[in-house]
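Protein chains in written order, with the numbering used here: chain H, 1 to 143; chain G, 1 to 143.
In this text, a Cβ means the ideal position worked out from N, Cα and C, and glycines have one as well.
If you're wondering where the values come from, they're calculated on a predicted model, not measured in any experiment.
The structure appears right after this line, and notes come after that.
Number of protein chains: 2
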Amino acid sequence: MNIGQAAQASGVQAKTIRYYEETGLIPAAGRTEAGYRVYAHKDVNTLRFIHRARQLGFSMEDIRRLLELWQDDSRTSMKVKALARVHISVLDEKLAKLKAMKRTLQHLVDHCEGDERPDCPILDDLAGEDTELPRGQVGPRFN
Amino acid sequence: MNIGQAAQASGVQAKTIRYYEETGLIPAAGRTEAGYRVYAHKDVNTLRFIHRARQLGFSMEDIRRLLELWQDDSRTSMKVKALARVHISVLDEKLAKLKAMKRTLQHLVDHCEGDERPDCPILDDLAGEDTELPRGQVGPRFN
DNA sequence: CTTGACCTTACCACCGCTGGAACCTTTATG
DNA sequence: CATAAAGGTTCCAGCGGTGGTAAGGTCAAG
């Protein structure tokens, strides 16, 4: 199985597989004489694992730990659960920030006429005059 | 007013102000003989505008357009509103993805014993067996 | 034998900053 | 007046996870 087939089978792009190998998330694949990477079903399973974890928003660092736990037969489900719980709280933070943004923005949009005239509460708000707005969390950093 | 004072007054870090200048989001500031950047109140207002827009999650590109509209006396509030509406839909997409992630993860966490034993539905799910999960949107890309 | 689809490495770019290094200027103090 | 701290300056690197490109090597089919 070469990288393209592994990509197909796992849902992880070939390019990303190389990146994962480069960063040590997965071990370096074996090679054919011509230098092509070779993958087995086991590797595809690992890639699928990573793919699914990424879909759930886990960071590379978290995935590193999840892979360790997955491969460790003497793991405790406690540890896995703890990791997942922490991740949920990260998601919650992001959600809270996005919701705050949306709330504020929706409020502004609701009060904007949206006509030919230049008067616009949205720009007025951005321009400062630090009005009473549901400010909640302040920093952006919601990446 | 030097960059540190402008940063203080606007809420945008000095380093970030230089970055904005470099990328052309704001015009290059004037300089003292010694090469220090000089800012006026007008510039601080612009920086505050940008800061606030970032807090609402607008992209640099959006902010570029917002600044143009802000400085254009013959703008229409229609255009501003449209821009804001599009941004709300972007926020909605991100929210939907995060919510889907959280829902799935919460479900998994709820079914994990979290004890000393290794058995763990969270890892089982990640390992594939593509079970019936509220999959909704698939890709991560929630940045 | 050629074509074209795949593979390889290696690089730059993106988002929106942030940190650090190495150096220069201003300000406060002894 | 010398010095040290607290600013400023530039440039380079990095985050995650690709996307794109170039310039090549390899493989299977026609």
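Delimiting residues of the alpha helix (DSSP H) encompassing residue i
i	result
H/S89	77 to 110
H/L66	60 to 71
G/E22	14 to 22
H/A123	Sequence check: residue 123 of chain H is Leu here, not Ala. Note, H/L123: alpha helix (DSSP H), 121 to 126.
H/S10	3 to 10
Cut-off 7 Å between Cβ atoms - residues of its own chain near residue i, not counting five sequence neighbours on either side
i	result
H/V80	L69
G/D62	L83, H87
H/Q13	A7
H/S10	V44, L47, R48, H51
Buried versus exposed, by CB contacts within 10 Å (16 or more), residue i
i	result
H/Y182	With chain H represented from 1 up to 143, any question about residue 182 of chain H goes unanswered, as that position is not in the structure.
G/A28	exposed
H/A100	buried
G/R54	buried
G/L123	buried
H/D125	buried
Paired residues, beta bridge with residue i - DSSP
i	result
G/G30	G/V38
Spatial distance of residue i from residue j (CA atoms)
i	j	result
G/H41	G/S89	34 Å
H/T23	H/I17	10 Å
H/F49	G/Y19	38 Å
H/E93	G/S77	32 Å
G/R37	H/M1	58 Å
G/A127	G/Q71	54 Å
Contacting residues, own chain, Cβ-Cβ under 6 Å from residue i (five flanking each side not counted)
i	result
G/V109	none
Sequence-distant residues of its chain with Cβ nearer than 8 Å to residue i (five each side left out)
i	result
G/I3	A14, I17, R18, A29, Y36, R37, Y39
H/L56	H87
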